[in-house]
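Following the numbering used here, the numbering of the sequence shown begins with 29 at its first residue and continues without gaps.
Read through the structure below, which is laid out as structure tokens, and then see the notes.
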Amino acid sequence: MTSGTTRRLSVSLQADRVTSKGFAATRWRVADLQSGDGGPHPLDLQLTLTERAAYRFNLTSDAPRLFVNAGDADGEPCPASISASQEVAAAWLDGEQRVLEVAMPLAIQAWLEAYMARHGEAPDEGRKKKRKGAGRAREHTP
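Structure, rendered in structure tokens:
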């Protein structure tokens, strides 16, 4: 599926055995990311207007990333969704989901830039101007 706001990507995972301080563990990583349904785990990357600030932050970083929700942190990984937003990935982590990251391909970066150009940057929240004396205890003089 490919539209102005959705891209179909397929994810392949790989398990690596690592040893740290005498303990062996399995570390999962995204081994391959390709466009379309060609891989074992096809997912839709859906862009939303509410995440534009997070997309811009990601695109301006040294190494833009995609984040894969790989299911429950304790079990075998099963990719369920993908995002270009660190805020979405943080919410997944807060829900005790396993999150894997992978470098964002240049084609996806260009598509994301085009989306941002078409829909505009996120509005600047900025700081709200407080009324003089608001939030402070006032001194009363009789």
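For every residue, glycine included, the Cβ atom is placed at its ideal position computed from N, Cα and C.
For the pair His69 and Gly50, the Cα-to-Cα distance works out to about 33 Å.
In this structure, the beta-carbon distance from Asp60 to Ser89 does not fall below 8 Å. Annotated three-state conformation of Leu71 is strand, per DSSP. For Asp122, the enclosing alpha helix (DSSP H) stretches over residues Gln114 to Asp122. In this structure, Trp139 is the residue among Trp139, Glu115, Ala145 and Gly148 with its C-alpha nearest to the C-alpha of Arg35. If you ignore the 5 residues before and after Tyr83, its C-beta comes within less than 8 Å of the C-beta of Leu75, Ala112, Ser113, Leu140, Tyr143 and Met144, all in its own chain and listed in chain order. By DSSP's assignment, Ala43 forms a beta bridge with Trp56.
Only residues of its own chain outside the window of five on either side were considered, and among them none has a CB closer than 7 Å to the CB of Asp122.
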